[in-house]
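Structure, as structure tokens:
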Amino acid sequence: MKFEPPPLLPSNPLCPQVFHVPLEERRYKDNSQFGEGEEAKVCLDIMQRTGAHIELSLAKDQGLSIMVTGKLDSVMKARKEIVARLQTQASATVAIPKEHHRFVIGKNGEKLQELELKTATKIAIPRPDDPSANIRITGTKEGIEKARHEILLISAEQVRHFEMTAPAWLHRFIIGKKGQNIGRITQQLPRVHIEFTDGEERISLEGPTEEVEQAQVQIQEIIKDLMTNTVSSCVLHHPSLSVFFFLLTVNRIKEQYKVSVRIPQDSERSGLVRIEGDPKGVQLARRELIEMVQRMENERTKDLIVEQKFHRTIIGQKGEKIKEVRDKFPEVIINFPDPSQKSDIVQLRGPKNEVEKCAKFLQKIIADLIENSFSLSVPIFKQFHKNIIGKGGANIKKIREETNTKIDLPTENSNSEMIIITGKKTNCEAARERILAIQRELANIKETEVTIPAKLHNSLIGSKGCLVRSIMEDCGGVHIHFPSEGSGSDKVTIRGPAGEVEKAKKQLLQLAEEKQVNNFTAELQAKPEYHKFLIGRGGANIRRVRDRTGARIIFPSPDDTEQELITIVGKEEAVRQAQKELESLVKNLDDVVEDSMVVDFRHHRHFVCRRGQVLRELAEEYGGVTVSFPRTGANSQRVTLKGAKDCVDAAKKRIQEIIEDLVSYRYHRAIMGPKGCRIQYITREHEVQIKFPERDDSAAENGDISPEAEFAPRKCDIITICGRAEKCELAKVALLALVPITEDVEVSYELHRYIIGQKGSGIRKMMEEYEVSRLRGKQLDVIKVTGLVANVERAKQGLLERVKELQAEQEDRALRSFKVTMSVDPKFHPKIIGRKGAVISQIRKDYDVSIQFPDKGEEQQDLIVISGYERNVEEARQAIQQLVSEWQEMVSQDVHLDPRTHARIIGARGKAIRKLMEEFKVDIRFPQPGADEPDKVTVTGLPDTVDNAIDHLLNLEEEYVSSQSWRPQLIQSQNNHSV
């Protein structure tokens, strides 16, 4: 039976193939007339699908001979389908290593596809995550055998395993620095895998045979070269010397002899050091290392016990002193412990004789340090510290040098008055006398001695010095010095201003007499935050209790651990009375009350700024009272106070005083300017001095002011100017010009929000530009402008200009608000909008209008709203109406086109069809995939243009159909088939 293929172009080369299907492998063995059964139908289908020409003939043994003619690609596809559909299929598996599967598949599966076409089989390779190594082949017996042979051949080409040997110490040289040598080989031969076995002499190579052999040759050349130019030698030493050995010797030997030295890790517990490199260099390095090991084995280690406080002194600033010791004993290693270890052991290590000499030298230094570590404290009034130091430190430097002592003064921020002197005892005492002499010269400092029995000293000092400290504080900070314990001396020294010394002497003797006659002590517990309130401002409260009872009341210092303990000392009756009064005060403080007061908005910021510094001071001074201001943005002026009743009342009074001070000073800051720049300019320009007042403390108790003084200028409002009369007058005029003024500007309330701007941006810009502040009245047509006279005038002009701009904008908005509503059938809305809004955007741009379409779900879906200037709106409406009129005249007509031509007509990315629609001014719609009528194309437009477009489409269809080679034809007789 003979089948004719479709006509081929003359330029296409023919590639005929003939193959035979035995009778036993034929899929269809029906006895119908040859050429009319299933085999003929299958061949016809294959010819249509592939474009190849197929001829069938029946052999004498009833086998099937098939000849396929056509392009090579078509013939291979046809042959594969014939084998699959006309010949019975068998299957077999072949096992190759899993890692070779990728070579069977090839790049992007090309190798596998080629193999399947070549053998006319189906080859199934397991997925990468499947552990199976079996590949299944499906097809004819002949094809299976051929495919199996090809797969095994591919696998055999991929693998060769070879092992070679080289000394293990040479492996890292073969690899090269940072893998340079071996990287060069693997870069040239990427399919070769080279593996070195750690600790063994074996090198493994795996990969394609030819490439493995090339890699083997290159590695052998490297080994040969290394064996000629490189040797290895070992030196044995004790493992405990490894660190020292490495630090002192190895780096220098590496650089000097150009060799590699390998020291075993601490975990290896090995004393074998390997030297590798040039033979001559290895020999010299080995000799030097052996000498070093022998010398080190004769070394010893010695520990010195040195108090840790001396370590920094021995080391010196930046290690200068210990460097001198190391330079004197260069062969001795001196190790100080880490400060965090709190260890007193200093380790010396080196040759035995040198270690002994170094130890004696350090012991002498330590002995001198101990002798010079005597320390004493000298109380010097804080105001005289700078005089003790002298200009540029001259005085203190001179005392240090002449007495050979170390003198430490407290920092300026410290409350301590003690100067600490360190050195030899005699030198320290001499330095103390010289420092005290300077203090005596500077002020009327008197020193007196009081005789008090030694047995009373501890009781007079009190717990942690609280009694004597209270006397020192009461008497202007005099210094009271008791003799050291165990000395047996009765002399107590008092030093300070003459009047205060006498006062302290009197109190000290009185306290001593009370201790001897009827000493009584009581203790009271009170929260630390109550102490300042109990003491009162300037000690007023506690002084009243002392005057009434005669008892001494001692509060804890900040350094005391018992911060709640108050001590009362004196006669029993006085102590009991004072204790009772204090307990009553503390009880009142424990009764917590809550009260409130009204504070104007503008003063809130003063209290809460600087992280609430003023509120913290109030809490410290008034028994921990809590003052809560409303949150920012809250429309409230009420301030809440919570604490003891007396504390709350006192805090309210203090807050009121602060507010009054703020009102008095409200212009001073504006006059001064940022960082006082304005005042500095006036003083420099007019050569005068300007002094601002202190806070006003002249108000009577409870804040009452006499009516006569109501209109009198307060002291806190007066600014003093000093200088020549005429220049003072000029400075006065300049100062008055800096006093802010407030003026009203009439602006309609409706415009206020436009002046303020989004988030206040507009008003902030004007305030910065004109250097003024503005306050807007509630629901008023007035804006208040505050600032300097010149600035206020400029701001008023700017504000009025802004009002004119806003009024013009309002008029323009009114003109632009003209609206027209037009009715348009909703089916035309998408056309008016256009592709991606192109049409409607162009109309909006051309006529400067806003066009609003109805939202989904609205009742009147046909209404379109146009807004803008009246003339523009009318023109836009006419434009839309004209478009709608044109669309209403349009017709739609269907035309049936062969579906196979649709893609050609549409063109790449619709380029061809868009060009056609623009040319004929029509809209062409093709059917969607899966449509009932896949050949129906709809053309919409004006009647004439639609007819022209349809004619053009039909011409295109006819042209594409006649020129295509993809329409297969079976050339056969209309009445019978030729077989």
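For the sequence shown, counting from 1, position 658 maps to 658 in the UniProt record's numbering; every step adds exactly one. Where a beta carbon is used, it is the ideal one built from N, C-alpha and C, also for glycine. Since the model is a prediction, treat every value here as computed from it, not as a measurement.
Locate the alpha helix (DSSP H) running through residue i, then write down its first and last residues.
i      : result
GLU768 : 761 to 770
MET47  : 38 to 50
GLU441 : 425 to 442
ARG548 : 540 to 549
VAL306 : Counting along the chain, VAL306 falls outside any alpha helix (DSSP H), and DSSP gives it neither H nor E.
ALA168 : Run containing ALA168: none; DSSP gives neither H nor E here.
List the residues that DSSP assigns as beta-bridge partners of residue i.
i      : result
PHE162 : LEU205
ARG349 : THR301, ILE333
ASP744 : LYS784
MET418 : PRO379
ILE864 : MET822
ILE123 : ILE137
ASP923 : THR940
VAL468 : None, per the DSSP bridge assignment.
GLU195 : SER204
GLN17  : VAL68
Taking DSSP as the reference, what is the three-state secondary structure of residue i?
i           : result
GLN637      : coil
THR189      : For clarity, residue 189 is Leu in the given sequence; the question names Thr instead. Three-state result, LEU189: coil.
GLU324      : helix
residue 983 : The chain is shown from 1 up to 979; residue 983 falls before or after that span and cannot be answered.
THR403      : helix
VAL849      : coil
GLY109      : helix
LEU738      : coil
CYS677      : helix
GLU157      : helix
LYS911      : helix
THR632      : coil
ILE452      : coil
residue 981 : This structure does not reach residue 981, given that the chain is present from 1 up to 979, and the question cannot be answered.
SER340      : helix
GLY281      : helix
SER74       : helix
VAL873      : helix
Taking Cβ positions only, does residue i come closer than 8 angstroms to chain C?
i      : result
ASP600 : Here chain C cannot be found, since the structure has a single protein chain.
Classify residue i as buried or exposed, calling it buried when 16 or more other Cβ atoms lie within 10 Å of its own Cβ.
i      : result
TYR681 : exposed
PHE533 : buried
LYS505 : buried
ASN955 : exposed
ASN108 : exposed
GLY139 : buried
HIS479 : buried
PHE920 : buried
PRO339 : exposed
SER65  : exposed
LEU815 : exposed
GLY907 : exposed
Taking the beta strand (DSSP E) that residue i falls in, what are its first and last residues?
i      : result
THR821 : 818 to 823
GLU594 : 592 to 598
HIS531 : Run containing HIS531: none in the beta strand (DSSP E); it sits in the alpha helix (DSSP H), 528 to 535.
LYS691 : 689 to 691
PHE520 : 520 to 525
GLN893 : 891 to 896
PRO497 : 491 to 497
HIS53  : 53 to 58
Can residue i be considered in contact with the ligand MG, in the sense that its beta carbon sits closer than 7 angstroms to one or more heavy atoms?
i      : result
TYR847 : Although the ligand MG was asked about, the structure shown includes no ligands whatsoever.
Exercise for the section: Indicate whether the contact test is met: 3 or more Cβ pairs, each with one atom in the segment 501 to 513 and one in the segment 540 to 551, closer than 8 angstroms. Expected result: Not touching, per the Cβ criterion.
Exercise for the section: Say whether the segment 627 to 643 touches the segment 595 to 615, bearing in mind that this needs 3 or more beta-carbon pairs closer than 8 angstroms, one atom from each stretch. Expected result: With a cut-off of 8 angstroms, the segment 595 to 615 and the segment 627 to 643 count as touching, because enough Cβ pairs lie within range.
Problem - Inter-stretch contact (C-beta, 8 angstroms, three-pair minimum) for the segment 323 to 334 and the segment 281 to 290 - result: No, because fewer than three Cβ pairs between the segment 323 to 334 and the segment 281 to 290 fall closer than 8 angstroms, the two stretches do not touch.
Practice task
Check whether the segment 102 to 121 touches the segment 69 to 88, counting contact only when three or more Cβ pairs, one atom from each stretch, lie closer than 8 angstroms.
Solution key: Verdict: yes, contact present.
Practice task
Count the CB pairs spanning the segment 337 to 349 and the segment 317 to 324 that are closer than 8 angstroms, and state whether there are at least three.
Solution key: Touching, no, given that fewer than three Cβ pairs across the two stretches are closer than 8 angstroms.
Exercise for the section: Say whether the segment 614 to 626 touches the segment 558 to 568, bearing in mind that this needs 3 or more beta-carbon pairs closer than 8 angstroms, one atom from each stretch. Expected result: Here the segment 614 to 626 does not lie against the segment 558 to 568, with fewer than 3 beta-carbon pairs under 8 angstroms apart.
Problem - Inter-stretch contact at 8 angstroms, needing at least 3 Cβ pairs: the segment 126 to 133 / the segment 165 to 184 - result: Because the criterion of three Cβ pairs below 8 angstroms is not met, the segment 126 to 133 and the segment 165 to 184 do not touch.
Practice task
Tell me, please, whether the segment 743 to 755 touches the segment 777 to 793 by the rule of three or more beta-carbon pairs shorter than 8 angstroms.
Solution key: Yes, they touch.
Problem - Stretch pair the segment 861 to 871 + the segment 888 to 901: three plus CB contacts closer than 8 angstroms - result: With a cut-off of 8 angstroms on Cβ pairs, the segment 861 to 871 is not in contact with the segment 888 to 901, counting fewer than three such pairs.
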